[in-house]
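Single-structure report; data block below.
Number of protein chains: 4
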Amino acid sequence: MRAVRLLGPRDLRVDDVPDPVVQAPGDAVVDVTATAICGADLLPYRGYVPGFEWGTTMGHEFVGVVRAVGPAVRRVKPGDRVVCSSTTSCGTCYYCVRGMAAQCEHLALFGFSGAYPRLDGGQAERVRIPNADRVLWPLPEEVSDEAGVFVADILSTAFRGVERADLRLGDTVVVVGCGPVGLMSVMCARRLAGQVIAVDTVPARLEQARVLGAVPVDAAGDALAEVMDLTSGRGADAVIEAAGAVSALTSAVAMVRGRGTVSVIGAHFEPEFPLDMGRMFAKEISLRVSIGSPTDDRERVLALIRGGVLDPTAIVSHRMSLDDAPEAYSLFESREATKIVMRP
Amino acid sequence: MRAVRLLGPRDLRVDDVPDPVVQAPGDAVVDVTATAICGADLLPYRGYVPGFEWGTTMGHEFVGVVRAVGPAVRRVKPGDRVVCSSTTSCGTCYYCVRGMAAQCEHLALFGFSGAYPRLDGGQAERVRIPNADRVLWPLPEEVSDEAGVFVADILSTAFRGVERADLRLGDTVVVVGCGPVGLMSVMCARRLAGQVIAVDTVPARLEQARVLGAVPVDAAGDALAEVMDLTSGRGADAVIEAAGAVSALTSAVAMVRGRGTVSVIGAHFEPEFPLDMGRMFAKEISLRVSIGSPTDDRERVLALIRGGVLDPTAIVSHRMSLDDAPEAYSLFESREATKIVMRP
Amino acid sequence: MRAVRLLGPRDLRVDDVPDPVVQAPGDAVVDVTATAICGADLLPYRGYVPGFEWGTTMGHEFVGVVRAVGPAVRRVKPGDRVVCSSTTSCGTCYYCVRGMAAQCEHLALFGFSGAYPRLDGGQAERVRIPNADRVLWPLPEEVSDEAGVFVADILSTAFRGVERADLRLGDTVVVVGCGPVGLMSVMCARRLAGQVIAVDTVPARLEQARVLGAVPVDAAGDALAEVMDLTSGRGADAVIEAAGAVSALTSAVAMVRGRGTVSVIGAHFEPEFPLDMGRMFAKEISLRVSIGSPTDDRERVLALIRGGVLDPTAIVSHRMSLDDAPEAYSLFESREATKIVMRP
Amino acid sequence: MRAVRLLGPRDLRVDDVPDPVVQAPGDAVVDVTATAICGADLLPYRGYVPGFEWGTTMGHEFVGVVRAVGPAVRRVKPGDRVVCSSTTSCGTCYYCVRGMAAQCEHLALFGFSGAYPRLDGGQAERVRIPNADRVLWPLPEEVSDEAGVFVADILSTAFRGVERADLRLGDTVVVVGCGPVGLMSVMCARRLAGQVIAVDTVPARLEQARVLGAVPVDAAGDALAEVMDLTSGRGADAVIEAAGAVSALTSAVAMVRGRGTVSVIGAHFEPEFPLDMGRMFAKEISLRVSIGSPTDDRERVLALIRGGVLDPTAIVSHRMSLDDAPEAYSLFESREATKIVMRP
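Here's what the structure looks like:
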C-alpha cells in the first residue's frame with residue numbers, strides 16, 4: 003500500500019509498504035478515506051522531535067472504514083465508518099479508569115514513533131489500530147469524512163480548551179491565536195459565550211474569526227486596551243490561548259478578569275516561560291493547560307457537527323491526493339494552506 | 003399614577019394611586035417603560051395564594067428609567083435605563099454572601115405582598131425599588147425594553163435551569179413543556195447542546211420550538227420511545243422540566259440517562275409528588291430544582307441578548323397598553339396569548 | 003471447593019462445587035481470604051429479586067489472593083493481594099469511557115445472577131473474575147483483609163454518597179440512618195464536615211455514630227427540630243440518606259437548607275415515592291442518588307484507610323467461618339449483627 | 003487609645019491616637035481583644051509597599067467586641083463578639099454579587115493605606131469597620147479570641163487554597179512551605195486527603211507538620227524523588243504552594259501528577275516567574291492562585307474550629323501585649339516567632 007513516510011528532516015516520501023495486519027486480539031485495520039496534516043506533524047518534519055524513528059508513517063488525524071478486526075474487538079466491525087482518536091489508550095490505568103485518556107500511562111500517538119511507542123500513522127491507505135474498541139468510534143451517517151477528520155484531534159482539542167475554561171453561559175471569551183485550532187476554539191466558544199473576541203495579527207484569519215461570530219482584534223495594535231474596552235475594563239471571564247507562543251500566553255494572562263481562567267491549548271515547550279505571577283496573584287487567576295482528549299470527548303464533538311451546530315470543514319483550504327503529501331507539507335509549513343485534507 | 007391592582011380573585015383594576023417615593027436611603031423610584039404578565043401572576047389572580055394582600059399592585063417583570071434615588075444608592079442614577087430583578091435581596095445574609103440571591107433571607111417578590119413582605123409591583127407607571135444597588139441593573143443600549151423584560155424573570159429562570167442541568171457542550175437535552183419558560187429554555191439549551199428535543203402537546207408550541215432549533219416530539223404520542231430513539235436508547239444527558247405539571251416531571255425522570263440530571267424550573271407545589279425512586283436509584287439520577295435568580299445571572303443573560311445569540315422577544319404574541327390589563331390577563335389565562343408586554 | 007449457594011428463599015447451603023477456572027483471556031481466579039454479607043444479599047435471600055437464578059454462589063464483598071490469570075491480564079499477577087469491585091465493568095462503553103463504571107452497559111454484580119448476567123460471587127474459597135484488569139485492584143500492605151472487604155462495596159458507596167453531596171469543607175452534614183452504610187457515611191463525612199449530625203432510632207447505632215464524631219439525634223423524637231436548632235434554623239448544607247426507607251428520605255428532604263443537596267445511597271425501589279415538591283421548589287433542593295462505584299473510587303478509599311484516616315473495621319461485630327454462613331445470614335437478617343466478616 | 007502605627011521603614015511606635023468613631027451609617031466600632039502579626043505586615047514594615055501612607059495603624063488580623071454601630075447596621079450589635087475580615091467588600095459590585103469578596107472593586111485591606119484606600123488596622127485598642135454587616139461576623143461562644151484571629155486571614159487563606167486545589171476525598175496532597183500559612187494548609191488538607199506530604203527546610207517546621215499528620219520531606223534533599231516514591235511515581239493529585247518563593251513554586255509544578263492542580267497561596271510578585279510550560283503542557287496541569295477570602299469562607303472555617311476538627315492556636319509561639327509591638331515585629335521578622343498574638 004501507499005504510505006507517507008518521514009525518512010529525515012523534511013525528507014518525506016510516499017512509498018509502497020507492506021499492508022498492516024491484525025497483530026493482537028484487540029487490533030483493527032482501517033482503510034483510510036481522509037486524513038489531514040496537523041501543526042504537530044511539522045515538529046518531526048522539521049527535525050524537532052528528539053528520538054523520532056525515521057521511516058515512521060505520518061499522521062494522527064484520519065477517518066476510514068474498518069477492514070478487519072481481531073477476535074477481542076466488540077464495538078466495531080468490518081464495514082463501519084469510523085473516526086480514530088489521535089492517540090491510543092489502555093482503558094485500565096489510573097488515568098483511563100478516571101476518564102482521562104489523554105494522560106494514559108500506555109499512550110501512543112499515531113505517527114510519532116520514538117517520542118511515543120512505535121505506531122505508524124494514518125497518512126496511508128491503511129492503518130493498524132491497537133485497542134480498537136477504545137480508539138475507534140463510529141462516524142454517524144450525517145458527518146462527512148472531511149468533518150470527521152477534525153474530531154480526531156484539533157476540534158476535540160479546541161472543545162477541551164473551551165471545557166477547561168470554566169465558562170458559564172453568557173460569559174465573554176477571548177481566543178488568542180486564530181490558526182486552525184484557534185478557529186475551532188472560536189466555533190466552540192461561540193456556543194457558550196455572550197461575546198467572543200478573537201486576537202491575531204493575520205487579517206485573513208481575523209476575517210475568518212469574524213465570519214464565525216467573533217469580534218476581531220488586531221494583535222499588532224493595543225489588543226489589551228481593546229479587550230478592556232469590550233469588557234467594561236474588567237477583562238474577559240476566560241481566555242483561550244491557541245497559538246502556542248510566548249507572546250500569546252503573555253497577552254492571555256493580561257486579558258483575563260479577577261478569578262478568571264486562562265485555558266491553554268497551544269503547544270508549549272518553554273522550560274522557563276516568563277509568567278507574570280504578580281498579576282496571577284493579585285487577580286487570583288487560574289491557568290489550565292490541555293492537550294485534547296478525543297477519546298473522552300468525541301461523542302459530544304460529533305453531536306455538535308451532526309446537529310449542524312458547527313462545521314469544521316469551513317477552514318479546509320486545500321483538498322489533495324495522498325501522493326501529493328510532500329507538496330502538501332510544504333504548503334502547510336509555509337502557511338499558504340490553512341488546513342489540508344488528503345485522500346488516498 | 004396608573005397601577006394594575008388585584009382587589010380579589012380575578013378582580014383586577016387599573017386605578018389611580020399615589021406616586022411611590024424614596025423611603026429608605028437605598029431606594030430608587032423607576033418610571034416603568036415595559037412590563038409583562040408572568041405565569042406566576044395567575045396564582046394570585048386565581049386566588050391561589052393564601053394570605054395575598056388584596057390591593058397590591060401586580061407585576062415582577064419590568065424595565066424602566068430611574069427617576070429618583072436615595073442618598074445611599076451608588077450604582078444607578080436618574081436617567082439610567084434599568085432592568086429590575088423579580089425579587090429583592092439584602093446582600094448580607096448567609097445566602098447573599100454566597101451568591102444565592104434567590105434564597106435571600108429577606109427576599110420580597112414584587113407584586114406578591116402577603117406571600118412575601120409588602121412590595122408593590124411594576125405593572126404601573128412607577129415603582130419603588132428597595133436596595134436598588136442590588137435589585138436594578140443597567141440595560142445596555144443594544145437591548146430593547148421588550149427584550150429586557152425577559153431578563154427580570156423568565157429568561158433568567160430558563161438560563162438557571164440550563165446551568166443547573168450539569169450540561170457539557172454537545173450533550174443531548176430534552177425540554178418538557180414549551181410554554182414561555184420552556185421556549186426560553188430551548189433557546190438557552192440550544193447554545194450548549196448537540197441536540198435539543200422539545201416535548202409538548204400543543205402543535206403551535208412545538209412549531210415554535212422547532213423554529214428555535216429543537217426536534218419537536220408530541221407528548222400525546224409515545225414521547226419516551228421517541229426520546230430513546232433519538233438518544234441511542236440511552237436517554238438524554240439532561241432533561242429540563244418547564245411545565246410545572248406532575249405528568250411532565252414524571253416523563254422527565256423517565257427520559258434521562260444513567261447519572262443524568264433532571265433540572266426542574268416548572269413551579270411545583272405537590273406535597274406528595276409520586277417520584278419513581280426505583281429508576282432514580284438504578285440510574286443514579288440527580289433531580290435539581292431552581293427558581294431563577296436574575297440578580298446573580300442578569301449580566302450574562304443580557305450578554306446573550308446583546309451578542310445577538312438569542313432573542314426572547316420572538317415569543318411575544320401581544321403588545322398592549324397598561325390600561326388594557328384586565329383583558330390582557332384574561333387572554334393570558336386562556337392561553338390565547340403566549341406572552342403579553344404592556345406599556346404605560 | 004466450598005461455596006455459599008442460595009437454592010431458594012432462605013435456603014442457603016455451603017456446598018462443594020467445582021473450582022472456577024480462567025475462561026476468557028481477561029479472567030483471573032482469586033483465592034478468597036475474607037468476605038462479608040451485605041444488606042443487598044438479603045434481597046435474594048428473602049426471595050425479593052425477580053428472576054434470581056437459584057444456585058448462584060452469593061457475595062460481592064470480598065478480598066483475596068490472585069491464583070491464576072488469563073493471557074490478556076496485565077495489571078495483576080498470581081500472588082497479588084487484591085480487592086474485587088462488587089461489579090464488573092467493560093471499560094469501553096459510553097459510561098466506562100466517561101469514568102462511570104457503576105453504570106456500565108455490560109455490568110454484572112457478583113452473586114446476583116438473573117438480576118444481572120450470570121456471575122458467581124465471592125462467598126466461596128475461590129472465585130472467577132472477568133475483566134480482571136479493571137475489576138481487581140492491589141491491596142496495599144498496610145490495609146488488612148478485613149478492612150479491604152469494605153472497599154468492595156459499602157465504604158465505597160458511603161464515599162460516593164459524600165462526594166455527590168456537593169459538600170465544601172466545614173459544611174454541616176446530616177446522615178439519616180446509621181446502619182453499616184450510614185456509619186461508613188459518618189466516617190467519610192466527618193473528614194469534610196464542620197459538624198456531622200447522625201439520625202437513627204436505635205440507641206446502639208447512635209452511640210457508634212457519636213464515637214465516630216457525630217452529634218446523635220434520636221429519630222423517635224423531633225429530629226427535624228433538633229437539626230434546625232443545630233443549624234441556626236437554616237437546615238443542613240447536605241443530608242445523606244443511608245437508610246433506604248421512605249420515612250428517612252422524607253426527613254432528609256425536610257432537613258436540608260436552601261440550595262442544599264440530599265444525597266441518597268440507601269436502596270430505593272418505590273415506584274411512587276411521595277416527594278415534597280413544594281419544599282424542593284421553594285428551597286431549590288438537589289436530590290442526587292448514587293449506587294457506589296468501587297472501580298472509580300477504590301484507590302482513594304484505600305488511601306483513607308492506609309493513611310489511618312478512617313477504620314471501617316470498627317463496625318465489624320462478628321467474625322465467622324464460611325461454613326457458618328447460614329447462621330451468619332440469620333444473625334444479620336435479625337439485626338443481631340452489624341457486620342459479619344467470614345473467612346474460608 | 004493605644005495604636006501600633008508605622009511611621010517609616012521599621013519605625014513602629016505604639017502611640018496614643020484619637021478613638022475611632024462611627025462615620026457612615028454602615029460603620030461599626032470594635033474593641034479589639036486579640037490581634038496578630040501577619041507575614042504581609044512585614045511588607046510595609048520593610049518599606050516594600052510603594053505609596054504606603056506612613057502613620058497608618060497596622061493590622062488586619064483581629065477579633066473584638068462591638069462597641070458601637072451606625073443606624074444601617076443590622077447583623078451585629080454592641081456587645082457581640084466578632085471576627086473581622088482582613089478586607090472590606092461592598093456587596094454590590096460584579097465580584098461581590100458573585101460571591102467573590104476578595105476581588106471586590108472597592109476593597110480595602112485594614113492597615114494598608116496607600117496600597118488600598120485609607121483604612122486603619124486592628125493593632126489598636128479600637129478600630130472602625132466600614133460596611134460592618136459584611137465585614138464582621140459573630141464569633142461562636144466555643145471559639146476563643148485567639149483561635150478567631152486566624153479566621154480573619156491566614157486560616158481562611160489556607161482553607162481557600164485547599165478548596166481551589168480541586169481535591170477529592172482521599173487524594174494525596176503536597177504542601178510546599180511550612181510557615182504559618184503552610185501549617186494551616188496542612189491542617190485543612192489533612193481533612194480531605196488520604197496522605198499529606200509537607201515540604202520545608204526547617205526541621206522544627208517539619209516536625210510541626212508531622213505532628214499535624216503530614217509526612218515530612220526535607221526540601222534540602224531530593225524532595226521531588228521522595229514525593230514520587232510516596233505517590234507510586236505519579237506525583238501528587240494536588241500541590242499547595244504556601245511559601246511564596248520561586249523555588250517553592252518551581253518544585254510544586256514538578257511534583258503534581260497529570261491533570262493535577264497546583265494551588266498557590268504564597269504571595270508572589272515576580273513579573274517573570276520562570277514557569278516550566280513544557281511540563282505544564284505534557285501533564286495538562288492547572289495552576290490556580292488564591293488570596294484568601296474570609297468574608298466568603300469564615301462561617302465554614304469557624305465550623306471547623308468549633309467542631310474541634312482543627313485548632314489553629316497550635317502554632318502560636320508568643321503571646322504579648324500590644325505595647326510590645328516593636329519587639330514583636332522584630333521577633334517575627336527574624337523568624338524567632340512562628341506566630342504572635344497581641345492583646346491590648
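Residue numbers (the working numbering), protein chains in the order written: chain A, 3 to 346; chain B, 3 to 346; chain C, 3 to 346; chain D, 3 to 346.
Positions of the beta carbon are idealized from the N, C-alpha and C atoms, including for glycine.
What residues of chain A sit near residue i, judged by a beta carbon separation below 7 Å?
i	result
Asp135 of chain C	Thr94
Val303 of chain B	Gly172
Tyr97 of chain D	Gly260
The ligand COA heavy atoms versus the CB of residue i: any closer than 8 Å?
i	result
Lys341 of chain D	Annotation note on the ligand COA: not contained in the displayed structure, which lists no ligands.
With H, G and I counted as helix, E and B as strand and the rest as coil, what does DSSP make of residue i?
i	result
Val175 of chain B	strand
Leu44 of chain C	helix
Arg69 of chain B	strand
Gly163 of chain D	helix
Gly53 of chain C	coil
Gln197 of chain D	strand
Ala240 of chain A	strand
Glu228 of chain B	helix
Val75 of chain C	coil
Pro218 of chain A	strand
Leu14 of chain B	strand
Beta-carbon separation of residue i and residue j under 9 Å?
i	j	result
Ile307 of chain D	Val145 of chain D	yes
Ala216 of chain B	Val177 of chain B	yes
Gln197 of chain A	Gly309 of chain B	yes
Ala110 of chain C	Gly72 of chain C	no
Val229 of chain D	Val219 of chain D	yes
Pro276 of chain D	Phe283 of chain A	no
Arg236 of chain D	Arg302 of chain C	no
Gly113 of chain B	Asp21 of chain B	no
Can you pull the chain D residues whose beta carbon is under 7 Å from the beta carbon of residue i, in chain order?
i	result
Arg377 of chain A	Look at the range of chain A in this structure, 3 to 346, and you will see that residue 377 of chain A is not part of it.
Compute the beta-carbon to beta-carbon distance between residue i and residue j, rounded to the nearest angstrom, for a pair I have assumed lies under 8 Å.
i	j	result
Val99 of chain A	Asp82 of chain C	Not quite, the Cβ-Cβ distance comes to about 17 Å (not below 8 Å), so this is no contact.
Gly184 of chain D	Ala244 of chain D	4 Å
Pro328 of chain D	Leu14 of chain D	5 Å
Gly116 of chain A	Phe54 of chain A	4 Å
Which residues in chain D have a C-beta closer than 9 Å to the C-beta of residue i? List them in chain order.
i	result
Ala269 of chain A	Phe283
Met279 of chain A	Val248, Leu251, Val266, His270, Phe271, Glu272, Pro273, Glu274, Phe275, Leu277, Val291
Which residues in chain C sit within 8 Å of residue i, going by Cβ to Cβ distance?
i	result
Leu194 of chain D	Leu171, Arg193, Leu194
Leu306 of chain D	Leu171, Gly172, Gly196
Mind listing the chain B neighbours of residue i? Cutoff is C-beta to C-beta under 9 Å, in chain order.
i	result
Ile287 of chain C	Leu289, Arg290, Val291
List the residues of chain A whose Cβ lies closer than 8 Å to the Cβ of residue i, in chain order.
i	result
Pro27 of chain C	Pro27, Ala74
I want to verify the contact list: residues of chain C whose CB lies under 9 Å from the CB of residue i, in sequence order.
i	result
Gly124 of chain D	Those within 9 Å of Gly124 of chain D in chain C number zero; the least Cβ separation is about 24 Å.
Note down, in chain order, every chain B residue with its Cβ under 7 Å from the Cβ of residue i.
i	result
Gly309 of chain A	Gly196, Gln197
Under 7 Å Cβ-Cβ, which residues of chain C neighbour residue i?
i	result
Cys190 of chain D	Leu171
inquiry  = Give the list of continuous alpha helix (DSSP H) stretches no shorter than 4 residues that lie fully inside the region 85-155 of chain A.
reply    = 96-99, 134-137, 147-153
key: Uninterrupted alpha helix (DSSP H) stretches inside the region 265-345 of chain A (no shorter than 4 residues)   = 279-284, 296-308, 327-335
request  = For the region 151-177 of chain A, enumerate the residues whose C-beta is nearer than 8 Å to any C-beta of chain E, in chain order.
outcome  = No chain E appears in the structure shown, which is made up of the protein chains A, B, C and D.
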